[in-house]
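*Asks:*
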Amino acid sequence: MIRAISIVVLLLVAIAPESAGESLKDLSGPTPITISAQALDGFDRADRSRRQFGELRFRGGIVLSSSHKAFGGLSGFRIQEDGSTFIALSDRGVWLRGRIVYQLGRPSGITDAVIEPVLTTGGRPAFKWDTESIAQDGKKLYVGVEDIDSIMIYEYNADVPLSRARKMTIPKGLIALPKNRGLEALVFVPGNLPHGGSLIAFSERGLDNAGNLKAFLIGDSVTGEFSVKRSDDYDISDAAILRSGEVLILERRFTLTGLASTRIRRIGLERIRPGAVVDGPVIFEADMRCQIDNMECIDVHRSASGELIVTLVSDDNYSVIQRTLLLQFTLAATDSLDK
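Right under this line is the structure:
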């Protein structure tokens, strides 16, 4: 994962009183935690009444915090069909489960939060793994581990601890991705869509010979490498599937002073095939003039009223000057995008 390289950030992280790593040794099983939430009064810092941002309309957002030192570093997030229950993942091998609480259709808090260690194939805590992404197929979770460029499979039940890992066979090209620029995003394609039943794996900044971002289609019938057109120095951080047959790709960019920006591109699944270079329109873009941070996670769900909701979550890097944000937007033109 990319770290903001501002000297100020590095100094503040260095003087933090206790690192997440120091407290993980005490986490041996499911542990309830309390997560506090502070509501945002707008997304645009200068114009808090503004709601429309590209094709996304801001619904609401919350800043999350917890006294438990293992909380933070969120790098993967999947929301369930009820729009409340979620499973999330930190980049230090910790699961987070809970429910989003809503008031008047806006996220207002987190309840029933439980953390537990991600387990290796041997059943031991995987605190040294750089766990970066989640793809979900019902009760099966695929987890991308960036530092070793591997995909692990877990059995998921909302009421019991998660299983130990099973290692998945993956393409050789994925294993060869550069360290700390490797496997960053995973999505599972539902069976009724192009490439149904397949996984799509995206590198953060593994580049092909043309300077585009490497990605991999992993399926029973078709497996191969393709590329996502890279532009404006953006790297991939996550992805989500629309039932219309499109993938939303979340991207981020940092300047030399540590300032962040984020955007979302929409790409049709039918364009993805081995050897292809795919691209799509930018439907959302924001920088530090808006309430963003190191945006790592994206997922989508339908609200009870039928609106298509996009949820974004940030990774605070366990830094005292960064935030864990949970933001929600309505995706415009829902009928044409998500039939």
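If you count the sequence shown from 1, position 264 lands on 245 in the working numbering, and the numbers rise without skipping. Idealized CB from N, CA, C, for every residue including glycine.
1. Is Gln303 helix, strand or coil by DSSP?
2. Between the C-alpha atoms of Gly41 and Leu306, what's the straight-line distance to the nearest angstrom?
3. Can you tell me whether Val291 is buried or exposed, with buried defined as 16 or more other CB within 10 angstroms of its CB?
4. Is the region 55 to 67 touching the region 23 to 30, taking contact as three or more C-beta pairs under 8 Å?
5. Whole alpha helix (DSSP H) runs in the region 136 to 165 with 4 or more residues, listed along the chain?
6. What would DSSP say about Arg252, mapped onto helix, strand or coil?
7. Under DSSP, the beta strand (DSSP E) around Arg15 begins and ends at which residues?
8. Whether or not the region 135 to 150 and the region 292 to 299 are in contact is what I'm after, with contact meaning three or more pairs of Cβ atoms, one per stretch, closer than 8 Å; do they touch?
9. What whole-angstrom Cβ distance do Pro11 and Pro142 have, given they're in contact under 8 Å?
10. Between the C-alpha atoms of Gly90 and Thr15, what's the straight-line distance to the nearest angstrom?
11. Quick check on Asp274: buried or exposed, where buried means 16 or more other Cβ atoms within 10 Å of its Cβ?
12. Count the C-beta pairs between the region 248 to 259 and the region 270 to 288 that are closer than 8 Å, then say yes if the count reaches three, no if not.
13. Can you find the residues in the same chain that come closer than 8 Å, C-beta to C-beta, to Pro262, ignoring five residues on each side of it along the sequence?
14. Buried or exposed for Ala196, please, with buried defined as at least 16 other CB atoms from any protein chain shown within 10 angstroms of its CB.
15. Less than 8 Å separating the beta-carbons of Thr311 and Arg38?
16. Spatial neighbours of Gly177 within its chain, please: CB distance less than 7 Å, with the 5 preceding and 5 following residues excluded, ordered by chain position.
17. Please determine, among Ser144, Asp260, Gln309, Ser184, the residue with the shortest C-alpha to C-alpha distance to Ser284.
*Replies:* Looking at the atomic coordinates:
1. coil
2. 11 Å
3. buried
4. Touching, no.
5. 153 to 156
6. helix
7. The sequence given here places Thr at residue 15; Arg does not occur at that position. Boundaries cannot be given for Thr15, as no beta strand (DSSP E) includes it and DSSP labels it neither H nor E.
8. no
9. 5 Å
10. 10 Å
11. By the beta-carbon neighbour count (other beta carbons within 10 angstroms, threshold 16), Asp274 is buried.
12. no
13. Arg246, Arg247
14. buried
15. yes
16. Val170, Pro171
17. Gln309
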